[in-house]
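Peer 1: Can you keep this structure in mind? I'll have questions shortly.
In this note's numbering, the protein residues as written are 1 to 199.
Set out below in structure tokens:
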């Protein structure tokens, strides 16, 4: 399928798919500049969601054997580490079906990964969780449990009450680091003054 025939972000049928999954499915390894020209809405969404780092800046050549490239430069790095250190190489290895040659760390989320999510990340949306803990996000996705994770955080109708309930005694800097969407919502609603600058 040529780039002209690709489904655009605004035309997608699955409204629950994350911008990163959509990029990987439809534009895998397409560099940022080309993506910005071909699908500017997706580019902006990836940027807003904090996933632009997974879109390569230039098309790189890993040769005929990306696993050899990995072994030569990053041997011993787990999948998660490689994904952070060299997202372009990770995506190429994944696309070519060679991820089995890159070790992964199996994490234990207990008997119920939704309970694990609730205990550690309650209130985070799917996009936020995918960014903060990709391993848990993928585990929930593979088990068909993403329906238990909110697509959009409604803050239970009152963002300040939500902050007081789940993030009480966090400074503005801590809140921005832990839940940037809530931080932005409080700022937009003029409620950030109720969050302390320091304790």
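Every residue, glycine too, gets a C-beta built ideally from N, C-alpha and C.
1. Might you give, ordered along the chain, the residues of its own chain that have their beta carbon closer than 6 Å to the beta carbon of residue 87, omitting 5 neighbours on each side?
2. Take the Cβ of residue 93 as the centre, count every other Cβ of all protein chains shown within 10 Å, and call the residue buried at 16 or more, exposed below.
3. Can you check whether the CB of residue 134 is closer than 8 Å to the CB of residue 96?
4. For the alpha helix (DSSP H) that residue 93 lies in, which residues bound it at each end?
5. Give the DSSP-derived three-state secondary structure of residue 12 in the structure shown.
6. Please classify residue 195 as buried or exposed, where buried requires at least 16 neighbouring CB atoms within 10 angstroms.
7. Within a Cβ cutoff of 6 Å, which residues of the same chain sit near residue 57, ignoring the five residues on either side of it in sequence?
8. Check whether the Cβ atoms of residue 125 and residue 152 sit closer than 8 Å, and answer yes or no.
9. With DSSP run on the structure shown, which of helix, strand or coil describes residue 115?
10. Tell whether a beta-carbon distance below 8 Å holds between residue 102 and residue 79.
11. Between the C-alpha atoms of residue 110 and residue 60, what's the straight-line distance to the nearest angstrom?
Peer 2: Taking the coordinates as given:
1. 54
2. buried
3. no
4. 87–95
5. coil
6. buried
7. 32
8. yes
9. helix
10. yes
11. 39 Å
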